[in-house]
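Heads up: the protein sequence lines correspond to chains H and B, in order.
Just so we're aligned, residue 49 is where the first sequence starts under our numbering, counting upward by one.
Just so we're aligned, residue 49 is where the second sequence starts under our numbering, counting upward by one.
All residues carry an ideal CB built from backbone N, CA and C; glycine is no exception.
No experiment lies behind these values; they were computed from the predicted model shown.
Number of protein chains: 2
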Amino acid sequence: MQQSEEALASSVTNLDNDDLEAVLLADEGTASAFLRLLPHPADVVEALRAVAVKEWPRLLRLVGDDSERAETVALLEEDERGRLLELLAPEEIGQLIKNLDSDDATDVLEDLEPSEQKEALLSLLPHERAQVEDLLRYEPDTAGGIMQVERAQVKQGETVDDAVARVRALVEDDIQVQVVYVVDDEERLIGVVDIAKLLLHRKEKKIADLVDPVIATVQPDVDQEQVAHLFKKYGIFSLPVVDREGRLLGRILHDDVIDVVVEEAEEDALKQAGTSSEELLYRDRVFAIARVRLPWLIVTLMGSMVSAKLIHLYAGVLNTAIVLAAFVPVVTAMGGNVGTQSSTILTRGLATGRVDMRDLLSVVLRELRVGLLMGLVCGAAVGGIAILFFSDGKLALGFVVFAAMVCAMTVAATVGTLAPAIMKRAGIDPAIASGPFVTTANDSIGIVIYLSTALFFLERLK
Amino acid sequence: MQQSEEALASSVTNLDNDDLEAVLLADEGTASAFLRLLPHPADVVEALRAVAVKEWPRLLRLVGDDSERAETVALLEEDERGRLLELLAPEEIGQLIKNLDSDDATDVLEDLEPSEQKEALLSLLPHERAQVEDLLRYEPDTAGGIMQVERAQVKQGETVDDAVARVRALVEDDIQVQVVYVVDDEERLIGVVDIAKLLLHRKEKKIADLVDPVIATVQPDVDQEQVAHLFKKYGIFSLPVVDREGRLLGRILHDDVIDVVVEEAEEDALKQAGTSSEELLYRDRVFAIARVRLPWLIVTLMGSMVSAKLIHLYAGVLNTAIVLAAFVPVVTAMGGNVGTQSSTILTRGLATGRVDMRDLLSVVLRELRVGLLMGLVCGAAVGGIAILFFSDGKLALGFVVFAAMVCAMTVAATVGTLAPAIMKRAGIDPAIASGPFVTTANDSIGIVIYLSTALFFLERLK
């Protein structure tokens, strides 16, 4: 029996999207039976993604019980949840919120647009209202924005038995507990007791005798990236959030932190390409998406106008030997690529703490040498191609291209290393700003180096 | 007392690198007293990073006890640990390994070069030898490579009391326990019991009555990225690793998964720039670093040779109106940028499951419209600049640049969307390959569009 149930669960969670769609859009009985077979709300989320959002409200009503339904909604991505909530009746949203942990309830309320609706929903939460209102005050991407208020908390003078009673109440509400927080009479956090320790001591034992020091705490206005850094540094499961006076406000659990790490990596990747996760909320609204992407394009456009002006200034050189024009994109592309490699290495090094600003000189010298070495290899390759295929065996073009690429790639590696360091010192996020800056600067520098070299040997290029 | 200790701990963990260096390189008494003040091995790691690796062995010997020293070494990055181990005596390494959890002990052994040394060290581990040898068989970036064998495990027929005894043994060894794994007589995993539940039931209660289903398992050869995906999907704290027959082999803890997520994001960022975290191991070895970066540069170099050849073919057009050369880098840069935006959006969408291959047509149509819209804006800007600053008010150049940019940016957005989709279907990681491919293809397409447009209106450009 056990085995066949497992096999069934494994087969239902491995259906492809076409099959999922067929099952979910079949008659109500089939869809309902299928959804009940799914072992976890996360599997329901994956199934829902196989069909259009307009089907979600109907399918959600077929999901087992209130708490599973609420958990499913909590696991949706922010933009998906926003679109679903627009389709649900206020009483349905209220029912969801009642069944969610405080942090997830807050996320749902944050996604709701008109404030009257928010007000009406808050009135459905007689017990938790004050808590959720408190949580709504914090920015979503801070420690306060991702913490939950549910936790096991005891006073120093209480016993193991008291702590167990606190844990029991939470476990019955399906809330994860790993540690019991110990506070003094002013609610200031003074330590923690791992619940494994509660197992190993007699009921009458005073909590004060078991308490371990707290490894780390944060205040609610701390950025979520810093929260993730603390989880990674200390390898912790949960992190208590305290106010300025050290009073315990809530806790952040590790699963929200994995979301933060993934979210921040995602945001970095999008920002480096000159857009942001904001545009994911716009779906097919072409004008809104273009508005997110255009500012960065315009900045790089201005940079490339500098390149255009430089080439314009060297028009005489190009006119004398038009074949030179062919290698302009090669010099700029390779300078850009080498610069990107160097700036990525430094940016990641600064972000992970692997590189300290005091090491900068040695890093610049290393990158300069790497750039020089790669310039010699690439310059020789392109120079050879130039001689063989672009100038009928005459050596001058090949030499100019070789010399220019060696110089341009060496300088590009140096610029690629210095730019993020300068950005960091100026307080600008090097991950975002250095990409277009490095590429644009190296384009212009490469053009000047290349066409100046050509000018110097112009007699031989005719 | 409590307060002043906390204040001291907070002040020692917030020293800057110069101060850390001064304290650690002072006399032995000062350095030793300081290291003992640090509240956590993770703080010791941060302090060590302020001084050269050659000082680490001496400083490590000053650290409190064996287990704290071992934990410190476990928290170092792989490249840092490798350099430290070269400086330690075999008996010191043996002492470290004895005090580490099985997964960390395996990591240390993996970093050791000569296999005789590994053999000698394994003989120091009479009890754990077989376990560690088993773990060494798995690739480092698989579930088997990051799991640990330590866990609380009971048979179905045992009682709460038996499970508590198992938990006690682990807690006394400083091993984190959140769940007890329940196995059948063939060691096959059949369920879990959260340790909070053990607190709430009588000692004699049968484990079989408390057991919950396992949410997810992995086999040891599964990639660590897939492991991270399961943690994120289900919001779990730990993941059991089982063999083909379902027998429990070990477990993966959430803190190692945060490391995996950070590591994978790092590796993606480096790979997109055409390098890899491998080069971080090479420090200042310029030739080794260049060897890591060159293959990708050579590929992009070949791509840019196509651009060069195309310009060469259009030399007659450029010779007729040399001012056209000025806008070649503008057209290629903007095509590359728009293509990168579109390909990043699709690549991230595919990676997170937000976009399904079946949505491809609608995504392509959306990106095409976004590209067209942005092309109209950027084309108008550059066209205007061309008329005002590059051709003394004559309209033809402006019109050619405008038309070419609108076409090139629309096509670039389409190529940027299609390329990662094609890569994915071909089984190539779109995050890595699509960057240079998209940029290179769009460079060539942009040049052809631009110079063909110019050719068509050549009479008016003279």
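May I have the straight-line CA-CA distance separating residue i from residue j, to the nearest angstrom?
i	j	result
V496 of chain B	P89 of chain H	52 Å
L506 of chain H	A451 of chain H	14 Å
E128 of chain B	R331 of chain B	10 Å
T78 of chain H	R117 of chain H	18 Å
L172 of chain H	E125 of chain H	24 Å
I145 of chain H	D91 of chain H	21 Å
V365 of chain B	T190 of chain B	56 Å
Q50 of chain B	E235 of chain H	Unreliable placement is indicated for Q50 of chain B, whose pLDDT of 46 sits below 50; the coordinate value is still reported in the next sentence. Rounded to whole angstroms, Q50 of chain B to E235 of chain H spans 15 Å at the Cα level.
S410 of chain B	A321 of chain B	29 Å
D159 of chain H	C455 of chain B	38 Å
P268 of chain B	K280 of chain B	18 Å
I194 of chain H	P188 of chain H	7 Å
L183 of chain B	E176 of chain B	11 Å
D64 of chain H	A336 of chain B	44 Å
A444 of chain B	M353 of chain H	18 Å
N18 of chain B	L345 of chain H	Beyond the ends of chain B as shown, which are 49 and 510, falls residue 18 of chain B; an answer cannot be given.
M405 of chain B	L466 of chain B	11 Å
G432 of chain H	V347 of chain B	16 Å
L509 of chain H	I470 of chain H	39 Å
Using a cut-off of 8 Å between C-beta atoms, extract the partners of residue i located in chain B.
i	result
S352 of chain H	P377, V378, A381, M382
P261 of chain H	P87
Y282 of chain H	H88, A90
E314 of chain H	R396, T400
L248 of chain H	V212, V215, R216, V219
R523 of chain H	Nothing about residue 523 of chain H can be read from this structure; chain H reaches only from 49 to 510.
I359 of chain H	A373, A374, V376, P377
Interface residues of chain H around residue i at Cβ under 7 Å?
i	result
H302 of chain B	F285, H302
M422 of chain B	A338, R341, L342, L345
C426 of chain B	L345, L349
D332 of chain B	R414
N385 of chain B	G322, L345, T348
S150 of chain B	Within 7 Å Cβ-Cβ: nothing; S150 of chain B doesn't reach chain H, min ~16 Å.
In the DSSP assignment, the alpha helix (DSSP H) including residue i goes from what residue to what residue?
i	result
Q179 of chain H	177-184
G387 of chain H	376-400
V412 of chain H	408-433
V463 of chain H	443-473
D222 of chain B	First-last for D222 of chain B: undefined, no H or E at that position.
L83 of chain B	76-85
Would you mind reading off the limits of the beta strand (DSSP E) that contains residue i?
i	result
S286 of chain B	286-290
A200 of chain H	200-203
I300 of chain B	296-301
G239 of chain B	237-242
Y282 of chain B	No beta strand (DSSP E) holds Y282 of chain B; the alpha helix (DSSP H) holding it covers 272-282.
V228 of chain H	227-231
Who are the neighbours of residue i on chain B, taking C-beta pairs under 7 Å?
i	result
L366 of chain H	I370, A373
G431 of chain H	Those do not exist, as G431 of chain H stays about 12 Å from chain B at its closest Cβ, beyond 7 Å.
E187 of chain H	In chain order: nothing, as chain B lies at least about 22 Å away.
A511 of chain H	Examination of residue 511 of chain H is not possible in this model, given that chain H is present from 49 through 510 alone.
V289 of chain H	Result: empty, since nearest Cβ-Cβ is about 17 Å, beyond 7 Å.
F279 of chain H	I306
A317 of chain H	T392, R396
F438 of chain H	H360
Kindly list, in the order they appear in chain H, the residues whose Cβ is closer than 8 Å to that of residue i.
i	result
K245 of chain B	V219
So, does the CB of residue i fall closer than 9 Å to a CB anywhere in chain A?
i	result
K102 of chain B	Chain labels in this structure do not include chain A; the protein chains are H and B.
For residue i, return the contacting residues in chain B, with the cut-off set at a CB-CB distance below 9 Å.
i	result
Q226 of chain H	Q224, Q226, I243, A244, F285
For residue i, go through chain H and note every residue whose CB falls closer than 9 Å to its CB, in chain order.
i	result
F450 of chain B	Residues of chain H passing the Cβ test: none, with the nearest at roughly 13 Å.
Examine the Cβ distances between the stretch 346-360 of chain H and the stretch 384-391 of chain H and report whether three or more of them are shorter than 8 Å.
no
How do the stretch 289-303 of chain H and the stretch 316-324 of chain H stand: do at least 3 beta-carbon pairs fall below 8 Å, yes or no?
no
With a threshold of 8 Å, are at least 3 pairs of Cβ atoms found where one atom belongs to the stretch 451-460 of chain H and the other to the stretch 486-495 of chain H?
yes
Are there three or more Cβ pairs, one per stretch, closer than 8 Å when the stretch 102-112 of chain H is compared with the stretch 128-139 of chain H?
yes
Mind listing, in chain order, the continuous alpha helix (DSSP H) runs of no fewer than 4 residues lying wholly within the stretch 126-166 of chain H?
126-133, 138-146, 150-159
Taking contact to mean 3 or more Cβ pairs, one atom from each stretch, closer than 8 Å, check whether the stretch 201-217 of chain B and the stretch 238-248 of chain B are in contact.
yes
With three or more C-beta pairs closer than 8 Å as the rule, is the stretch 299-315 of chain B touching the stretch 373-381 of chain H?
no
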